[in-house]
Amino acid sequence: MASRFKLPHIEIDRFRSRKEYAGSGSGGNIASRIREEHGRRLQGELEAAMRLAEESRPRDDRLPTPTTSIIEVQLRRGTDPEKLDRKSDNIRSSAAKVDDRDERTIAVFVPDESKAVFAKILDDYVNGPVTAEAGNPPNKSLVEAIEAFRTARLETFWTDNPASLPADPHHQMWWALWCWPCAEETVEDACARLGVRAANKDRRLYFPDVTVIPVLATRATIELMLFMTAAIAELRRATDNPVFFLDDVRAEQHEWSDELAGRIVWPGTDAPAVCLFDSGVNRGHALIEPALSESDLHSLNETDWGTSDHHPQGHGTAMAGMILHGDLTAALGDMSERTLRHRVESVKILPPDRFDENDPASYGALTQQAISLPEIAAPDRPRVFCMAVSNLEVSGSTPSSWSAAIDQAASASMTGDEQDAPRRLIVVAAGNMAAETDPTSMQPQDDCPIEDPAQAWNALTVGGYTDLTEVRERDYEDWIPIANAGELSPHSRTSVAWPQGRAPFKPEIVMEAGNRATNPAKSEALTFDSLSLLSTGSDMTRMPLVPFQATSAASAQAARLAAQIVADHPDYWPETIRGLIVHSAEWTEPMLEMFREASGKKQKYEIIRRFGYGVPDYDRATASAKNHLAMFAQATIQPFKLQGQRKFNECHYYKLPIPAEVLEQLENKPVDLKVTLSYFIEPNPGLSANIEPQRYQSHGLRFDLQRKGESLDTFKQRVNAAEREDSRRGPRVEPDDNRWLLGPNSVSAGSLHCDVWSGPAIELLGRDMLCIKPINGWWRDRAREYVNRQTRYSLIVSLKALDVDVDLYTPIRALIDVPVVEIETDLTPA
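Final position of the sequence shown in the numbering used here is 830; the numbers increase by one with none missing.
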């Protein structure tokens, strides 16, 4: 059946205008303290903390005598963790942490020559003259943001899972030392003096504000280094524990691979590729070899590991088959010719027998090394990267060195990237639930967070749903599927447990991941072949076709979808491909029912953290239909500028080409207006970035649509202070209608933002202006080379009439005076 989606998406770059931009102050007051009571208490705590810090300084003849005291400071809710920094006095903060009540603690390094700085600040607060107008004491905002001073401990610096911090001082492991870049040599020197091993530079990660150095040492040695060198800003564990998402399931032998291979029109060597990071691939499979050249098989250690698939269940080979063909069940069942327009590449990132425990498995550095291999071998080939490896049971609630390395690679800012290095689309799996056989042992999926590194802001994170509900195995026909059609796959994790506002919405999409079933008594649960997908097996002789499931299968299908769109639209940026995939996603009926039953925005956010923005669709992603069209723009923007002072630079306005007469004719017919904004940030992890998204991101972008009844002048003055006569005073505005699914308060973290407005078409009349505006990031506070940088974004706006007979496309296309032509798309069944 021919698809309705055969019309080109409408480019709206010509409808963009640039304008000088200024942000609006956030305002807001916090409750005032009782001046003398608060100040005197802090003076006593500071004096005691500093005295104890000096008295407890460790001594070791192998290291220089310490000259810095480290204290722990508890801050008021919502306080900027870097508020206590005094660069001129070399006082700096680190290891910012926040609890469930948003109470914040930091470590503060105070050099001996600067001990009097805080004492003077507190003394002025207690004894200094108050201001004439407001009656505020000196340093009010700073001092009243402080809850308490304490002496720092090693635990102060531990920002990983508290349960993973060893209590035994003699426990040896690989530690991740997050250090200031200027302190790398200090750490190396301390390691040499203490006889402990620091990882080689190719196992380290370099970010603008931190360098991550894996060090093999005992807790006691790390504590000695920490307090004697004052060079370590933060501590985490360094040894990642990657797992593959594959159940040990039985497979029925199939003998149709060669027949299917003969019906496929295979791609040329210049076709786009999906580069797979996995356990290697057995290239000899009939359904893989024509699309995987020998020269496209890579390994991080080809001499010792080889490039073939070492995994017991052939995980890498199954991933490769899914990337190329999707679920093979349908393909094997028909006799049609199939055209394949993308290839696969493989980088073996895991050794056959695990990593040497004496060698740090720094997966951030290894992932970046893996990215460079195919780019060196075939630099001109468009590619998408795909990885279904995660840190076992490690929540991705905050940025890690691994997730930040992926964000670096996506934004073309990793070490070795040139100024014009290509951005990269990286698809990662969300992680899997344990395949428990005892239903009473199953944990709620909302209690099992998506695993590191799938929190990477710039990555496309893929979870799982399922439509597979029929158990066909003999003697098991009465078993009951755990999930109904259209619901969350029992294999998939969620980000419901992540802190809203500080963690991005993940996954962005869900794809078929298979199902599981229980017996009628609900005393046993199993994974069945009939509830799984079908892919290529690594043992081509005995088992060329194998069942495949979970978020590995889902991520492979997402990477395949991305490659198909790249083949259709070679001029689309990676940011655009990601945006189109997410924009094309729609929720299944069970998901929509959850939205209808949600009592407020908070519950809707939780639904997004389970299902993302829904199930993507190739047809909708690559083309438009008459009743469902997509408009898009690919643009460059400079968020900030250094012009006397550091400030915002520009915003972009888009006059959406939606004719008023179209909306008037539709009147009260329901329509959906969907907006997706996709861009890549440059990451800066660690330190205060743990709890402040704006410290992690280089910049941020937001979209804002003209409100109902809002004039153009009022809209511009509302969103852009530079449009006002008095930048501090905005216009009187009415609140937005309640027709946005998520609303503007849903957005604070991440580099992809999506929302949908649903309502009568007539209510969109006069609401055709949209603004893309910057928000703060660490670029703004850096040297000229950063603050004046330009970056890119992709904007996608779709208008959908629920009535399929409505023609929106023709009048909108006529408005921009471009002839309508149909485009060729890959209509091969998925």
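From the three backbone atoms N, C-alpha and C, an ideal C-beta is built for every residue, glycine too. The structure presented is a predicted model; accordingly, all values stated were derived computationally and were not measured.
- The DSSP assignment places 574-584, 589-597 as complete runs of the alpha helix (DSSP H) inside the region 565-605, in order along the chain (cut-off: 4 residues).
- If you compare the alpha carbons of Leu656, Arg383, Ser678, Ala370 with that of Leu764, the shortest gap goes to Leu656.
- Secondary structure of Met319 (DSSP, three-state): helix.
- Under a 10 Å Cβ-count criterion, Leu712 is classified as exposed, with fewer than 16 other Cβ atoms of the shown protein chains found around its own Cβ.
- In this structure, Trp178 places its C-beta atom within 7 angstroms of the C-beta atom of Val210.
- The beta carbon of Ile10 is closer than 6 angstroms to those of Met631 in its chain, skipping five residues each way along the sequence.
- Annotation note: the region 649-704 contains the following uninterrupted beta strand (DSSP E) runs of length 3 or greater, listed N- to C-terminal: 650-655, 670-678.
- Contact between the region 157-173 and the region 214-221 is present: 3 or more CB-CB pairs across the two stretches fall below 8 angstroms.
- For Leu340, the closest of Asp270, Ser538, Cys771 by C-alpha to C-alpha distance is Asp270.
- Around the beta carbon of Arg77, fewer than 16 other beta carbons lie within 10 angstroms, which makes this residue exposed.
- Contact between the region 390-402 and the region 445-464 is established, with three or more Cβ pairs separated by less than 8 angstroms.
- Following the DSSP letters along the chain, one finds Ile376 inside the alpha helix (DSSP H) bounded by residues 363-377.
- Between Ala107 and Ile146, the gap from beta carbon to beta carbon reaches 7 angstroms or more.
- The count of Cβ pairs closer than 8 angstroms, one atom from the region 584-604 and one from the region 396-406, stays below three, leaving the stretches out of contact.
- The criterion of a C-beta distance shorter than 7 angstroms is satisfied by Pro439 and Ala525.
- Excluding five sequence positions before and after Ser308, the CB atoms of its chain that fall closer than 7 angstroms to its own CB belong to Gly280, Asn282, given in chain order.
- Classified as exposed, Gln643 has fewer than 16 neighbouring CB atoms from the shown chains inside 10 Å of its CB.
- With contacts defined by Cβ atoms closer than 7 angstroms, His628 and Lys800 form a contacting pair.
- Short of 6 angstroms from the beta carbon of Asn515, and not among the five residues preceding or following it, lie these beta carbons of its own chain, in chain order: Thr466, Leu468, Pro481, Ala483, Leu531.
- Taking C-beta separations shorter than 7 angstroms and ignoring five residues to either side along the sequence, the partners of Ile323 in its chain run Val274, Leu276, Val344, Cys386, Ala556, Ala559, Arg560, following chain order.
- Short of 6 angstroms from the beta carbon of Ala485, and not among the five residues preceding or following it, lie these beta carbons of its own chain, in chain order: Asp467, Thr469.
- Ser336 sits exposed, since fewer than 16 C-beta atoms from the chains shown fall within 10 Å of its C-beta.
- Counted as a single uninterrupted DSSP element, the beta strand (DSSP E) harbouring Lys641 occupies residues 640-643.
- By the CB criterion at 7 angstroms, Thr151 and Leu52 fall inside the cutoff.
- Assignment of alpha helix (DSSP H) within the region 768-806, counting only whole runs of 4 or more residues, yields 784-787 in chain order.
- The region 778-796 makes contact with the region 572-579: 3 or more CB pairs, one atom from each, lie closer than 8 angstroms.
- Straight through space, the alpha carbons of Gly321 and Leu545 are spaced by roughly 9 angstroms.
- Per DSSP, Gly537 is one residue of the beta strand (DSSP E) stretching across 533-539.
- If you compare the alpha carbons of Glu734, Arg729, Arg732, Val756 with that of Leu742, the shortest gap goes to Val756.
- Annotated three-state conformation of Pro499 is coil, per DSSP.
- Between the C-alpha atoms of Phe703 and Ser56 there is a straight-line separation of about 52 angstroms.
- With fewer than 16 other beta carbons inside 10 angstroms of its own, Cys182 counts as exposed.
- For Cys191, the three-state secondary structure derived from DSSP is helix.
- Nearest in C-alpha terms to Ile509, of all of Glu473, Val566, Leu815, Val427, is Val427.
- Listed in chain order, the non-local C-beta contacts of Thr494 below 6 angstroms within the same chain comprise Gln445, Asp446, Arg609, Arg610, local neighbours out to five positions each way being set aside.
- Boundaries of the beta strand (DSSP E) harbouring Gln634: 628-637, taken from the DSSP string.
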